[in-house]
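*Asks:*
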Amino acid sequence: MLNDLGSKLRKSIDSLAFKSGVAAAACMTALCMTAGSPALAGSVTQPGETIGLAVGAPLPEGVYFVDTFDWGVREGQNGAPDTTLAVNIPVLAWATPAKVLGARLQLLAALPALAVGVQNSDYTSGIYNPFLAGQLAWDLGNGLGVSYLLGVYLPVGNKLGFDSTSINQRLGISYTADDWNLTANTIYGIHTRSESRTLNPDFLNIDVTATKTFGKWTVGPVGFASWDLNKPTSTYRKQDQIALGALAGYNFDKVILQGYLTRTVSETNYGGKDTRAWGRLIVPF
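Written as structure tokens, this is what we have:
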């Protein structure tokens, strides 16, 4: 039974596509901290965090634990120091037996943590914004799946998270026939407060996966892009970025491991290019 479940997970573990994000915001946090400012910026959802997940195909009924973790360095420009960020995102997902409009109802929760530091300076670590979400995932047949997620990031009072509530919507499309995972996950974030101690732009992220499974191995190219959609203050400098990379995964039957590496190829107002190593552990209960 675990073998069958592992095979299904390899194709359809999409609903965990919600894991709360951090990287852009935390990197900017560190840069701003060096300048004596507490302001944050960038996507609340970490760009690239749903890479490797077939965001569209419904999960088999059950409970899952998924832990996504990453570490990377954003290079400083014009003499600015490098910024290092580590993120851990533990997730619990329940693929319920309930159906709504023909879609499986899936419930998700995450409590991420991060550590951020500036070159030749101390690290700061703490809990990031908790995330709660519900998702509807449709199996349209012939390997095609579509999902819609509605979630919320809850505010936190520390200097590493956002102090305002953020609404998160996601539309995922996946093709998983013939051992392929061709997926695009579009993530739209809306902040609910016009004024706060942190800079909270609305944002749009797109995570893309194009992998193929050979036996127990999964490999293929991946990428992501993110854009700020508005300016929370008149002096705010809107950010955007594109990153490309590659993924490799292995199905151990009882657990699935994935790893991928991404590198910024284009960025605006992030302060430098980011190189990031990612890992993921998927365990069905």
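Numbered per the working numbering, the sequence shown spans residues 68 to 352.
Just so it is clear, CB atoms sit at the ideal spot from N, CA and C, and this is done for glycine as well.
Values in this document were obtained by computation on a predicted structure and should not be read as measured data.
Any chance the stretch 220-229 sits against the stretch 202-212, with 3 or more Cβ pairs inside 8 Å?
*Replies:* Output reads no: the stretch 202-212 does not touch the stretch 220-229.
*Asks:* Does the stretch 335-348 come close enough to the stretch 142-154 to have 3 or more Cβ pairs within less than 8 Å?
*Replies:* Yes, the stretch 335-348 is in contact with the stretch 142-154.
*Asks:* Looking only at C-alpha atoms, which of GLN202, VAL183, THR135, GLY201 sits nearest to GLY193?
*Replies:* The option with the nearest alpha carbon to GLY193 is VAL183.
*Asks:* Would you kindly check if the distance between the Cβ of VAL154 and the Cβ of LEU181 is under 9 Å?
*Replies:* Yes, Cβ-Cβ distance for LEU181 and VAL154 is below 9 Å.
*Asks:* Could you give the C-beta distance for THR253 and ILE273, rounded to a whole number, given that I count them as a contact under 8 Å?
*Replies:* 5 Å between Cβ atoms; contact.
*Asks:* Flag this pair as yes or no: are the beta carbons of LEU216 and GLY201 separated by less than 9 Å?
*Replies:* Yes, they are a contact pair.
*Asks:* Between the C-alpha atoms of LEU72 and PHE352, what's the straight-line distance to the nearest angstrom?
*Replies:* Caution is warranted here: a pLDDT of 47 is assigned to LEU72, below 50, making its placement in the model unreliable, and the coordinate value is therefore given only provisionally. Answer to the nearest angstrom: the Cα atoms are 10 Å apart.
*Asks:* In its own chain, which residues sit with a C-beta less than 6 Å from the C-beta of SER293, not counting the 5 before and 5 after it?
*Replies:* Correct list, in chain order: SER110, PRO114, ASN272, GLN308.
*Asks:* Over the uninterrupted beta strand (DSSP E) stretch that includes PRO197, give me the two end residues.
*Replies:* Here PRO197 belongs to no beta strand (DSSP E), and DSSP marks it neither H nor E.
*Asks:* Distance check for ALA147 and GLY212, CA to CA, integer angstroms please.
*Replies:* Taking the straight line from one Cα to the other gives about 45 Å.
*Asks:* Under three-state DSSP, which class holds LYS340?
*Replies:* In this structure, LYS340 counts as coil in the three-state DSSP scheme.
*Asks:* Distance check for ARG330 and THR280, CA to CA, integer angstroms please.
*Replies:* Going from the Cα of THR280 to the Cα of ARG330 covers about 23 Å.
*Asks:* Classify VAL167 as buried or exposed, calling it buried when 16 or more other Cβ atoms lie within 10 Å of its own Cβ.
*Replies:* VAL167 should be labelled exposed.
*Asks:* Which value, in whole angstroms, describes the spacing of the CA atoms of THR335 and GLN306?
*Replies:* Those two C-alpha atoms are separated by around 5 Å.
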